[in-house]
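What follows is one structure encoded as structure tokens, with my remarks underneath.
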Amino acid sequence: MRGRSPAAMRISAASSRRWAPGFAMRAESRPGAPRISVVCAWYNRAGHIEETLASLLSQHEADFEIVLIDDGSPDPRVRDILSGFDDPRLRVIHQDNTGFNRAIVRAIAESRGAYIAIQGAGDISLPGRLAAQAALLDTDPAIGVVGTRYDNVVFGGPSHGLRTDARFTALRPELDHLLYGPNPLGHGTVMMRRAVYDAVGGYRPFFQLAQDRDLWIRMAPHCGIAILDDNLYERRLFQEDGVAADRLKLVLQKGLALFARQCHFDRLANGRDFVDRFGPNAAFFRTRSPELADFCARQAVQAFAAEDGDGAALLIRMAADERKTPLVVLAGAFLAVCAALPPLARLARRLLLGHGNARLWQLVRPVAK
Numbered sequence: 001m002r003g004r005s006p007a008a009m010r011i012s013a014a015s016s017r018r019w020a021p022g023f024a025m026r027a028e029s030r031p032g033a034p035r036i037s038v039v040c041a042w043y044n045r046a047g048h049i050e051e052t053l054a055s056l057l058s059q060h061e062a063d064f065e066i067v068l069i070d071d072g073s074p075d076p077r078v079r080d081i082l083s084g085f086d087d088p089r090l091r092v093i094h095q096d097n098t099g100f101n102r103a104i105v106r107a108i109a110e111s112r113g114a115y116i117a118i119q120g121a122g123d124i125s126l127p128g129r130l131a132a133q134a135a136l137l138d139t140d141p142a143i144g145v146v147g148t149r150y151d152n153v154v155f156g157g158p159s160h161g162l163r164t165d166a167r168f169t170a171l172r173p174e175l176d177h178l179l180y181g182p183n184p185l186g187h188g189t190v191m192m193r194r195a196v197y198d199a200v201g202g203y204r205p206f207f208q209l210a211q212d213r214d215l216w217i218r219m220a221p222h223c224g225i226a227i228l229d230d231n232l233y234e235r236r237l238f239q240e241d242g243v244a245a246d247r248l249k250l251v252l253q254k255g256l257a258l259f260a261r262q263c264h265f266d267r268l269a270n271g272r273d274f275v276d277r278f279g280p281n282a283a284f285f286r287t288r289s290p291e292l293a294d295f296c297a298r299q300a301v302q303a304f305a306a307e308d309g310d311g312a313a314l315l316i317r318m319a320a321d322e323r324k325t326p327l328v329v330l331a332g333a334f335l336a337v338c339a340a341l342p343p344l345a346r347l348a349r350r351l352l353l354g355h356g357n358a359r360l361w362q363l364v365r366p367v368a369k
């Protein structure tokens, strides 16, 4: 989006330190409410309901409720399985499908706790997660958002069962980490103060994806962010229905994350951003991004490697429309030559899929959102 001018760097660094612990620690709990509200938006994934809820309901050392929104799951097993739970800490709300963002917003609105913990559908909260995060929020008034270390586990596809440790080196990430680096917070690992969430306006409907990045960027000027140096969460990457299963969704996620960054600088310059002013029409004011162009180019080469010729053609056109960066030009030429010479295309796919050529693999290596 926008380059990091010295002035912008000074502003973003200063704003990341502008915490308001008194504001963050003001009375937040509703009378008789549990200290923690775990909120979850659920859609299908019936086979994972029992494991996810068991991981939460076994956390007896924490005072919490669970508000789960069944977001119009067409699989009838979801309702059947959820109806089998008889625990006063769990409240299930069935509704017509609205999408993740609106469903999680409703879950938060229906909840009562001073602290809001996000739980991903199908993910696992490991023992002690809720108590450890609440303890930090109780003892450090400067902190408003707490994540944890976590594992990524692939479900489905050729890499099924692959487990990787998602580590972010900074345990106290600042605003600049959110603006310019990979997202340091796993969305489902987060617990946050309701007071700060409410003060910044919560999740915004415009951000169908990357809604967490937009929220953390808006919260960072008001509170500190922490990551517990303990692995307390298992994030599952579902290849069948997750964002990673759809390259166009990955592009949308990347574009919205970059637009969340642009919105930050728009707020600094004008007091409001285009989402505040124009809602769903804000995308009209998006600045074209070389980062998004390069991301589309990499996705195009990934589609080529997966023998998705139509997808590769669409993605490289999107990349060129966004910005003709050197990588976009190189990827476009590579795909054009492969389209003209099928034997070369077969060789290139073998090299790409086998990581046999480091330079080629630079086009398709995973890029953090």
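Numbered per UniProt numbering, the sequence shown spans residues 1 to 369.
All C-beta atoms, glycine included, are put in the ideal place defined by N, C-alpha and C.
None of these values were measured; they are calculated from a predicted model.
Using DSSP with H/G/I as helix, E/B as strand and the rest coil, what is residue i?
{"i": "G47", "result": "helix"}
{"i": "F64", "result": "strand"}
{"i": "E234", "result": "strand"}
{"i": "Y197", "result": "helix"}
{"i": "S37", "result": "strand"}
{"i": "S125", "result": "strand"}
{"i": "residue 430", "result": "It is not possible to answer for residue 430, since the shown part of the chain is limited to 1 through 369."}
{"i": "T139", "result": "helix"}
{"i": "F85", "result": "coil"}
{"i": "G32", "result": "coil"}
{"i": "I287", "result": "The sequence shown places Thr at residue 287, not Ile. Note: T287 maps to coil in three-state DSSP."}
{"i": "residue 400", "result": "The structure shown does not extend to residue 400, since the chain is modelled only from 1 to 369, so the question has no answer here."}
{"i": "G309", "result": "helix"}
{"i": "D214", "result": "helix"}
{"i": "D75", "result": "coil"}
{"i": "D80", "result": "helix"}
{"i": "L353", "result": "helix"}
{"i": "S55", "result": "helix"}
Quick check: residue i and residue j, are their CB atoms within less than 7 Å of each other?
{"i": "Y203", "j": "L215", "result": "yes"}
{"i": "Y150", "j": "A166", "result": "yes"}
{"i": "F100", "j": "A41", "result": "yes"}
{"i": "Q119", "j": "M191", "result": "no"}
{"i": "Y43", "j": "D80", "result": "no"}
{"i": "G157", "j": "Q239", "result": "yes"}
{"i": "G311", "j": "R236", "result": "no"}
{"i": "A217", "j": "H264", "result": "Before going on, a small fix: residue 217 reads as Ile here, not Ala. Yes. Within cutoff."}
{"i": "I36", "j": "F64", "result": "yes"}
{"i": "residue 372", "j": "A220", "result": "Lying before the first or after the last residue shown, residue 372 is absent from the chain, which here runs from 1 to 369."}
{"i": "residue 380", "j": "L256", "result": "Given a span of 1 to 369 for the chain in the structure shown, any question on residue 380 remains unanswerable."}
{"i": "A33", "j": "G84", "result": "no"}
{"i": "S125", "j": "L68", "result": "no"}
{"i": "I66", "j": "R89", "result": "yes"}
{"i": "R288", "j": "R261", "result": "no"}
{"i": "T98", "j": "G147", "result": "no"}
{"i": "A297", "j": "V337", "result": "no"}
{"i": "G144", "j": "V196", "result": "yes"}
{"i": "R213", "j": "N183", "result": "yes"}
{"i": "A305", "j": "A331", "result": "no"}
{"i": "E61", "j": "A142", "result": "no"}
{"i": "A245", "j": "R172", "result": "no"}
{"i": "E234", "j": "V153", "result": "yes"}
{"i": "R194", "j": "I116", "result": "yes"}
{"i": "T275", "j": "F206", "result": "Correcting the residue identity first, residue 275 is Val in this sequence and not Thr. Contact flag set, yes."}
{"i": "L315", "j": "A333", "result": "no"}
I need the boundaries of the alpha helix (DSSP H) containing residue i, first residue and last residue.
{"i": "V190", "result": "Neither: V190 is in no alpha helix (DSSP H) and is coded neither H nor E."}
{"i": "L251", "result": "Sequence inspection shows Val at residue 251; the Leu mentioned does not correspond to that position. Where V251 is concerned, the enclosing alpha helix (DSSP H) stretches over 247-270."}
{"i": "Q95", "result": "Careful: Q95 lies outside any alpha helix (DSSP H), inside the beta strand (DSSP E) at 90-95."}
{"i": "R106", "result": "100-110"}
{"i": "E291", "result": "290-305"}
{"i": "L178", "result": "175-180"}
{"i": "L171", "result": "Run containing L171: none; DSSP gives neither H nor E here."}
{"i": "Q208", "result": "No alpha helix (DSSP H) holds Q208; DSSP gives it neither H nor E."}
{"i": "F274", "result": "274-278"}
Mind checking which residues open and close the beta strand (DSSP E) that includes residue i?
{"i": "A117", "result": "115-118"}
{"i": "residue 371", "result": "An answer regarding residue 371 cannot be provided, because it is not within the stretch 1 to 369 covered by the chain."}
For the segment 221-235 and the segment 270-287, state whether three or more C-beta atom pairs, one from each stretch, are separated by less than 8 Å.
no
What are the uninterrupted segments assigned as alpha helix (DSSP H) that are 4 or more residues long and contained completely in the segment 315-351, given in chain order?
326-340
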